[in-house]
Every structure is written in structure tokens, then in C-alpha cells.
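Take a look at the structure set out below.
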Amino acid sequence: MPKSPVVLGIESSCDETGAGLVRDGVLLGQAVASSMDEHARYGGVVPEIAARAHVHAMAPVVREALDRAGLTLRDVGAVAVTTGPGLSGALQVGVAAAKGYAFSLGVPLYGVHHLAGHVAAAGLAGGPLPNPCVVLIVSGGHTSLLLVRDLARDPIVHLGDTLDDAAGECFDKTARILGLPYPGGPAIDRAARDGDPGAVRLPRPLTGPGDAPYAFSFSGLKTAAARWVEGHRAAGVEPRVPDAAASLQEAIADTLTRKAVRACTDHGIRTLVVVGGVAANSRIRALTEQRCAAAGITLRVPPLPLCTDNGAMVAAIGDLLARAGAEPAPLDVSIDPSAPLEYAALTPRPRARSAA
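Below you can see the structure in the form of C-alpha cells.
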């Protein structure tokens, strides 16, 4: 059996420049550079600033990842890169770099889906994911419940998706209303430590008997929190930020975990995987663990450094594709900033599993 290649993964879909190296499901080394501080003054990511930051950080981040792995570029046997979804200019930087590395090294190039990378990150800690499993993705712009089988070969089944604001957007927008810094998720998590999660009565969106069981909608929750803050300020009373933060965090965690556990029990699946940047939230992690334990469901959540955007998760997908014998992408592969999540590889489509 030929030895599996070392896969270099490159991630540049938003404001993190990431590089990682994976072989046979084992993370060998990774490095991440973030331009978040440059965006904080604007209260959100500025695409042009993100793209410029990627240009400056790309080569140093790849070198750092190689150094941490004790490898050189000559050891790289394949390159994987996020080709979508994400910010157009940011994606272009990563794809251009990946093409350059792949062409100069004479190795295969794999274009992968950013969200599938988050799923693969969970396999870097604790071994391969079970087939099948339910995956809850919670990130800045996406909240989805997925049914995942063989990530390298099978189509990804969407059980439910975000109808408007994702959980991460709700955190960011409410944090701004409360006067907390960007990014809002970590700021609300910190503030909530001193708050009462029952202080503010906030809705649990789409959790009623007639609602879509696995869909998400956090726009109304954000509005309810804003109305509470505005009501206090109109009355000349400054709202207690820790109470508002704790109550919002509890509402989001309650909604996410309730739907995720229901998806597992409805489909007879005993493993729930929770991934994405918002999976780093302490209350979401704690409540998911509590409810999974009560339902007899095994929970898989990546370590905190693998929750946010990183190159290791992209390398993990490339590693799965290479070992599955997937066809590499052409060197003229292009980005797809709004790519739907159907397969882990964006182009070309992986070979379908035989019906035998």
C-alpha cells in the first residue's frame, strides 16, 4: 500500500489565514494569523482589509506550520484549499497561494468546502467520525443541522438550516447593541459569567409544536433583546449587560441543543458532532454535553483551537479525499463565494459510492 501523502491545507475564507498539515487523520502541525484586531474598530470584517492581511500572512503562516510539524515543503504530497464559501477577495488569495504550491511541487490540488472542513476538524481529535452522525454547525454566518455519512464520498444531507440570522450573527449584533466589543460571541460569553440567565425573558425561536423541527431563525431573538435594551434606556435605566448577555446566551444554547438532540433521537443516531466558531461558547458546550448525556448520545466537539477557522480542518478534508482516491481539482479551479454545502469537495464531484 502506498503511503498517504502529507496534505497542506490553506484557509483564507474570512479574517483568519490558516495553514495545517495532516496525514492519515493525524494533525502534524498548524499555524493561524488573524486580522481580527484590524476589523474590530469597524465592528465587523472589512473584506478589503481581510484580503490584504492574507497576502501578507500567507507565506509566513505556511512556514510556521511546516516548522511546527518538523517538515519542509518537499515533504508535502498534496495541497487542499478552501474555495468557498467566503469573502471573494480573501478566497482568491488562498486559492492563488495553493495553486502556486501545488504547481511548483507537482502535487495534486483539492478544492474543498469551508463548512465541510469544520466537520472534518472533529475527526482530528478522537479519531474518525462515525458513519452516520448528526452534525450541528454553528458559525458566524451559518447554523445548520446535517446528516453526515462518509464525508469524502457521500452527499451531505441538510436536515435544517438558517432561515435568517445565524447564531453567530445574533451574538455579534446583540453585542453591538449592548456596547460590547467585536467579535460579539466571545464578548457575550465573558459578560455572561456575571449574569443571571433567567433575568430576561427571551423567545426560543422555532421550538413550538408546529414549527420546522430542525430549522433556525435568530433574527427575532436579536430583535427581542434589542427591544428589552431600548425599553430600559427609554425609561432612563441602563440595562445590566451581564444579565442581558447571559439571557441571550441561554436562549441560543437552549434552542441549538434542543433541536440537535431531537435530530439525533428522531433519526436514531447516537453521535452528535458540534463544530464551528460558535461551538467555542462555554454555555453551548456545557448544555450540549448535559443534554446528550441525558439522552444517551455521544458528543464530539473539537478542541477550542480547531473550532474557529484554521488550516488544519482544510488539510483534514484534503487528507480524507486523497485517501478515498478522489479526483483532484484542475489547476484552474476557481472560487465559489456562495457555494452550497453538498459535498466536501467543491470540484470535481467525488465518485459516487456503488449501489452494491
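Numbering follows UniProt numbering, with no gaps: position 165 of the sequence shown is 165.
Yeah, the Cβ is synthetic: ideal placement off N, Cα and C, and Gly gets one too.
Bear in mind the structure is a predicted one, so any value in this text is a computation, not a measurement.
(request) Note down, one range per segment and in chain order, each beta strand (DSSP E) of at least 3 residues found wholly within the region 68-139. (result) 76-84, 109-113 and 133-138
(request) Please report how far the alpha carbon of H232 lies from the alpha carbon of K222, in whole angstroms. (result) 16 Å
(request) Tell me, to the nearest whole angstrom, how far the beta carbon of V45 is from that of D319; I am working on the premise that it is less than 8 Å. (result) Contact doesn't hold; Cβ gap of about 28 Å is too wide.
(message) Quick check: what's the CA-CA separation for D67 versus A19?
(response) 11 Å
(request) Decide if V76 is buried, meaning its Cβ has at least 16 other Cβ atoms within 10 Å, or exposed. (result) buried
(request) Given a cut-off of 8 Å, decide if L21 and L136 are closer than it, judged by their beta-carbon atoms. (result) no
(request) Going by DSSP, name the residue or residues bridged to V26. (result) R23
(request) Label P330 either buried or exposed according to how many other C-beta atoms from any shown protein chain fall within 10 Å of its C-beta, with 16 as the threshold for buried. (result) exposed
(message) Give me, in chain order, the residues of the same chain whose beta-carbon lies closer than 7 Å to that of A345; leave out the 5 immediate sequence neighbours on both sides.
(response) Y110, G111, V112, L321 and A326
(request) Would you identify the three-state DSSP class for E48, choosing helix, strand or coil? (result) helix
(request) Kindly indicate which three-state DSSP category A345 falls into: helix, strand or coil? (result) strand
(message) Closest to A295 by C-alpha separation, out of T308, R270, V314 and R285, would be which residue?
(response) R270
(message) By the DSSP assignment, the alpha helix (DSSP H) with R233 in it spans what residues?
(response) S219 to A234
(request) Return helix, strand or coil for G9, following the three-state DSSP convention. (result) strand
(request) Might you give, ordered along the chain, the residues of its own chain that have their beta carbon closer than 6 Å to the beta carbon of P108, omitting 5 neighbours on each side? (result) A78 and P328
(request) Could you work out which residue in H39, L178, A263 and A31 is closest to A69 when comparing CA atoms only? (result) A31
(request) Rounded to whole angstroms, what's the CA-CA distance from L202 to Y343? Just pull it up for me. (result) 36 Å
(request) Please state whether DSSP places R153 in a helix, a strand or coil. (result) coil
(request) Return helix, strand or coil for E289, following the three-state DSSP convention. (result) helix
(request) Assign E230 to buried or exposed, taking buried as 16 or more other Cβ atoms, counted over all protein chains shown, within 10 Å of its Cβ. (result) exposed
(request) Tell me, please, which residues DSSP counts as bridged to A33. (result) T17
(request) To the nearest angstrom, report how far apart V278 and C307 are at their CA atoms. (result) 8 Å
(request) Assign D194 to buried or exposed, taking buried as 16 or more other Cβ atoms, counted over all protein chains shown, within 10 Å of its Cβ. (result) exposed
(message) When you compare the CB positions of A312 and A121, do they come within less than 8 Å of one another, or not?
(response) yes
(request) Starting from R176, follow its DSSP beta bridges and name the residues at the other end. (result) Partner(s): none; R176 has no beta bridge.
(request) Could you tell me which residues DSSP puts in a beta bridge with H158? (result) L146
(request) Rounded to whole angstroms, what's the CA-CA distance from D15 to H118? Just pull it up for me. (result) 16 Å
(request) Entirely within the region 242-298 and at least 4 residues each: give me those alpha helix (DSSP H) ranges in chain order. (result) 282-295
(message) Rounding to the nearest angstrom, what Cα-Cα distance links T143 and A96 in this structure?
(response) 29 Å
(message) Distance check for I188 and A226, CA to CA, integer angstroms please.
(response) 14 Å
(request) Please find out if some non-hydrogen atom of the ligand FAD comes closer than 7 Å to the beta-carbon of I317. (result) The model depicted lacks the ligand FAD and carries no ligand whatsoever.
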